[in-house]
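Presented below is the structure to which this report refers.
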Amino acid sequence: MQKIDERRRITVDRRAFSHYEIACPFCGENVGPRFVTREHLDIPPNPPYAATVRCPRCKEEFEVLFGAT
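Mapping the sequence shown onto this note's numbering, position 43 (from 1) lands on 1177, and the numbers just tick up by one.
Below is the structure:
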(Lines of atoms letter the chains of each structure in order from A and count residues from 1; the text may use other names and numbers.)
(Lines give C-alpha, C1' and ligand atoms only; values in the text may rest on other atoms or scores of the structure.)
Protein backbone atom coordinates (compact mmCIF):
# COMPACT_ATOMS: atom_id res chain seq x y z
CA MET A 1 0.00 0.00 0.00
CA GLN A 2 1.19 3.52 -0.80
CA LYS A 3 2.08 5.97 1.93
CA ILE A 4 -0.42 8.80 2.36
CA ASP A 5 2.01 11.40 0.91
CA GLU A 6 2.52 9.32 -2.26
CA ARG A 7 -1.25 9.16 -2.80
CA ARG A 8 -1.54 12.97 -2.78
CA ARG A 9 -0.08 13.20 -6.31
CA ILE A 10 -0.96 10.82 -9.14
CA THR A 11 -0.07 10.91 -12.84
CA VAL A 12 -2.88 10.05 -15.24
CA ASP A 13 -3.86 10.27 -18.89
CA ARG A 14 -5.86 13.45 -19.58
CA ARG A 15 -8.39 11.59 -21.76
CA ALA A 16 -9.04 8.99 -19.05
CA PHE A 17 -9.54 11.79 -16.51
CA SER A 18 -11.99 13.56 -18.83
CA HIS A 19 -14.00 10.32 -19.09
CA TYR A 20 -14.12 9.74 -15.30
CA GLU A 21 -11.95 6.60 -15.57
CA ILE A 22 -9.56 7.66 -12.78
CA ALA A 23 -10.09 6.27 -9.28
CA CYS A 24 -9.50 8.21 -6.08
CA PRO A 25 -6.29 6.84 -4.50
CA PHE A 26 -7.96 6.87 -1.08
CA CYS A 27 -11.37 5.26 -1.57
CA GLY A 28 -11.59 4.13 -5.22
CA GLU A 29 -14.42 6.47 -6.29
CA ASN A 30 -14.22 7.54 -9.96
CA VAL A 31 -13.30 11.21 -10.32
CA GLY A 32 -13.12 13.59 -13.27
CA PRO A 33 -13.33 17.25 -14.32
CA ARG A 34 -16.44 17.97 -12.24
CA PHE A 35 -14.43 17.51 -9.04
CA VAL A 36 -11.54 19.87 -9.91
CA THR A 37 -11.04 22.62 -7.34
CA ARG A 38 -7.97 24.23 -8.95
CA GLU A 39 -6.02 24.00 -12.22
CA HIS A 40 -2.22 24.29 -12.21
CA LEU A 41 -0.49 25.81 -15.22
CA ASP A 42 3.14 25.48 -14.08
CA ILE A 43 3.77 21.77 -14.76
CA PRO A 44 4.32 20.91 -18.50
CA PRO A 45 3.39 19.77 -21.24
CA ASN A 46 -0.06 21.29 -22.12
CA PRO A 47 -2.19 23.59 -19.97
CA PRO A 48 -3.75 22.78 -17.66
CA TYR A 49 -0.84 20.59 -16.62
CA ALA A 50 -2.30 19.44 -13.34
CA ALA A 51 -5.41 19.84 -11.23
CA THR A 52 -6.33 19.62 -7.57
CA VAL A 53 -9.27 17.27 -7.15
CA ARG A 54 -11.60 16.74 -4.18
CA CYS A 55 -13.16 13.29 -4.01
CA PRO A 56 -16.96 13.43 -3.66
CA ARG A 57 -17.07 10.36 -1.41
CA CYS A 58 -14.18 10.65 1.08
CA LYS A 59 -13.55 14.44 0.63
CA GLU A 60 -9.76 13.91 0.35
CA GLU A 61 -7.87 16.36 -1.88
CA PHE A 62 -5.07 15.23 -4.19
CA GLU A 63 -3.22 16.44 -7.27
CA VAL A 64 -3.72 14.87 -10.67
CA LEU A 65 -0.78 15.40 -13.04
CA PHE A 66 -1.57 14.95 -16.72
CA GLY A 67 1.01 12.89 -18.58
CA ALA A 68 1.23 10.47 -21.47
CA THR A 69 0.47 6.91 -20.41
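Virtual Cβ for every residue (Gly too), placed ideally from N, Cα, C.
Next item on the list: Might you give, ordered along the chain, the residues of its own chain that have their beta carbon closer than 8 Å to the beta carbon of Phe1169, omitting 5 neighbours on each side?
Entry: Val1187, Arg1188, Cys1189, Pro1190
Notebook entry, point to check: Whose C-beta lies closer than 8 Å to the C-beta of Pro1163 among residues of the same chain, with five residues either side of it excluded?
Noted result: With the sequence shown as reference, residue 1163 is identified as Glu, and Pro is not the correct amino acid for it. Result list for Glu1163: Ala1157, Cys1189, Pro1190, Arg1191, Cys1192, in chain order.
Margin query: For Ala1157, list the residues DSSP reports as bridge partners.
Written below: Asn1164
Item checked: Top-ranked residue by Cα proximity to Arg1172, from Asp1147, Glu1195, Tyr1154, Ser1152 -> Glu1195
Margin query: For a test of the three-state rule: what should DSSP assign to Arg1191, helix, strand or coil?
Written below: coil
Note to self: Looking only at its chain, what residues have a beta carbon closer than 8 Å to the beta carbon of Ile1144, apart from the 5 residues adjacent to it on each side?
What the structure shows: Ile1156, Pro1159, Phe1196, Glu1197, Val1198, Leu1199
Item checked: Collapsed DSSP secondary structure at Arg1142 in the structure displayed -> coil
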